[in-house]
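When we follow our numbering, the leftmost residue of the sequence shown carries the number 2, and every step to the right adds one.
Input: a single structure, listed below in structure tokens.
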Amino acid sequence: MHPFTLERPRDLPAALAFGAQAGRNDAPAEYIAGGTDMVQLLQEYVRRPDRLISLAGLLDNRVEIGPQGLRLGAAATMADVAAHPRIIEQFPVISEALLNSASPQVRNQATMGGNLLQRTRCPYFRDVGYAACNKRAPGSGCAAVGGENRWHAVLGTSEHCIAANPSDLAVALVALGASVEVRRAGGDRTVPLAEFHRLPGDAPHLETVLEPGEVITAITVPASPMARRSHYLKVRDRASFEFAVVSAAVALDMDGGTIRQARVALGGVGTKPWRVPRVEAALAGGGLDPAALRRAAALAADGAQGRGHNDFKIELMQRAIVRAVEIAGARA
Ligand SMILES: Cc1cc2nc3c(=O)[nH]c(=O)nc-3n(C[C@H](O)[C@H](O)[C@H](O)COP(=O)(O)OP(=O)(O)OC[C@H]3O[C@@H](n4cnc5c(N)ncnc54)[C@H](O)[C@@H]3O)c2cc1C
Ligand code: SF4
């Protein structure tokens with residue numbers, strides 16, 4: 002592990018001041034919240050900051066539900082959000098995405114803000130023994146494009162990076178139209194989650210629109226009747242403690258047996274949490290009959306590109322959408 006100094010700022014303005022200095026002086030510094038992703042990456046020399054700025058105790062950890070919708074403080078843990086009775090009842094897709102993530106120990110420690118910023122599980126990124134990884138070492142190439150790519154993305158990729166975004170929570174939140182509240186020394190701003198993560202393009206090391214020193218303070222989800230009739234379906238190599246091979250988050254507004262409106266997002270297949278508006282449009286106005294669902298789900302494959310080992314994901318993601326819509330549609 003590269004030696005670093007741990008800063009324990011007394012309040013958020015002090016943390017933001019450290020963050021801003023880090024950008025100005027070009028002294029590598031990183032925030033740390035629950036540490037469940039950061040510590041692994043420090044141990045493996047993937048991240049080598051000189052300074053870690055602890056956010057412990059500085060950020061809101063409340064879960065609030067009101068007429069405008071849901072607000073999750075950035076420090077709320079995955080466990081607390083997943084187990085919240087009103088989230089289970091009114092936003093089941095969020096609770097399901099979290100309960101299908103990681104392990105109870107990790108969920109007790111990991112925070113909402115850290116979850117959205119966790120780094121990819123691409124094995125070439127996480128093992129510094131591989132020289133070629135544009136995300137870890139810009140300009141070094143991509144070992145996955147011609148290498149082992151079973152876990153990688155088929156949507157939103159570039160020749161420079163095909164890493165899948167690993168967050169289950171982000172997929173559920175994108176389906177619900179969530180936004181991220183961000184604070185910097187000069188003020189606050191709100192970013193729709195669908196625009197928060199960047200496509201890799203020719204700069205895969207830039208993963209989000211966060212500026213250096215900015216902190217996530219909360220996540221908001223607008224009130225919607227669709228959130229109640231939602232479901233997160235995760236396909237993975239083993240039944241627990243495993244990242245998604247493919248996942249689908251679905252929220253439906255139903256009129257009897259007819260889908261008035263649908264929101265659908267995919268995980269495990271995109272370089273960012275991947276909403277599929279063409280699938281949503283095709284589902285609207287239809288019913289739950291399998292042939293119609295299948296036709297709508299096929300539109301998710303538009304622009305998908307397999308790299309050999311991950312070709313199977315293109316078919317699997319369509320099946321995941323069909324199954325997730327059936328399950329959400331059957332909910333009262
Ligand atoms: C064994 C294991 C299995 C896992 N399985 C899954 C899984 O199946 N599905 C899944 O979705 N996730 C999974 N995860 C990932 C886990 O969800 C993340 O590690 C966790 O959510 C990160 O939260 P944290 O608070 O620990 O973040 P940290 O590790 O502290 O930080 C992560 C990143 O976020 C930044 N950061 C944290 N908070 C803020 C903030 N408020 N503002 C700005 N920057 C911030 C840090 O600088 C760092 O870059 C797994 C993790 C482990 C260790
Ligand atoms: S897919 Fe992205 S993270 Fe993985 S080796 Fe290629 S550049 Fe690195």
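Virtual Cβ for every residue (Gly too), placed ideally from N, Cα, C.
Ligand 1 heavy atom lying under 7 Å from the CB of residue i
| i | result |
| --- | --- |
| residue 217 | yes |
| residue 12 | no |
Near ligand 2: residue i beta-carbon under 7 Å from a heavy atom
| i | result |
| --- | --- |
| residue 209 | no |
| residue 314 | no |
| residue 137 | yes |
| residue 163 | yes |
| residue 145 | yes |
| residue 233 | no |
| residue 221 | no |
| residue 126 | yes |
| residue 3 | no |
| residue 310 | no |
| residue 198 | no |
Close Cβ partners of residue i (< 6 Å) along its chain, the five nearest in sequence each way excluded
| i | result |
| --- | --- |
| residue 43 | 2 |
| residue 242 | 104 |
| residue 79 | 99, 108 and 111 |
| residue 233 | 94, 97, 98, 173 and 250 |
| residue 39 | 33 |
Cβ-based burial, residue i [other Cβ within 10 Å; buried from 16]
| i | result |
| --- | --- |
| residue 32 | buried |
| residue 117 | buried |
| residue 102 | buried |
| residue 257 | exposed |
| residue 240 | exposed |
| residue 1 | The question about residue 1 has no answer, for the chain in this structure spans 2 to 333. |
| residue 208 | buried |
| residue 6 | exposed |
| residue 263 | buried |
| residue 197 | buried |
| residue 51 | exposed |
| residue 187 | exposed |
| residue 330 | buried |
| residue 35 | buried |
| residue 201 | buried |
| residue 77 | buried |
| residue 288 | exposed |
Own chain, CB closer than 8 Å to residue i, minus 5 neighbours either side, in chain order
| i | result |
| --- | --- |
| residue 334 | Here the chain covers residues 2 to 333 and nothing more, so residue 334 does not appear. |
| residue 54 | 8, 10, 16, 19, 20, 23, 30, 31, 32 and 33 |
| residue 82 | 64, 73, 88, 95, 96, 99 and 113 |
| residue 45 | 127, 128 and 129 |
| residue 259 | 286, 287 and 288 |
Cut-off 7 Å between Cβ atoms - residues of its own chain near residue i, not counting five sequence neighbours on either side
| i | result |
| --- | --- |
| residue 237 | 243, 244, 245 and 246 |
| residue 315 | 155, 302, 305 and 307 |
| residue 85 | 64 |
| residue 224 | 68, 69 and 70 |
Closer than 5 Å from C-beta to any heavy atom of ligand 1: which residues, in chain order? 31, 32, 33, 34, 35, 36, 37, 38, 39, 75, 102, 103, 107, 111, 112, 114, 115, 116, 118, 119, 168, 169, 216, 217 and 244
Does the pairing of the segment 119-126 with the segment 160-177 give three or more beta-carbon distances under 8 Å? yes
Segment contact flag, the segment 143-150 with the segment 60-67, C-beta cutoff 8 Å, min 3 pairs: no
Does the contact criterion of 3 or more C-beta pairs under 8 Å hold for the segment 304-316 versus the segment 280-295? no
Within 8 Å, do at least three Cβ pairs link the segment 169-186 to the segment 86-96? yes
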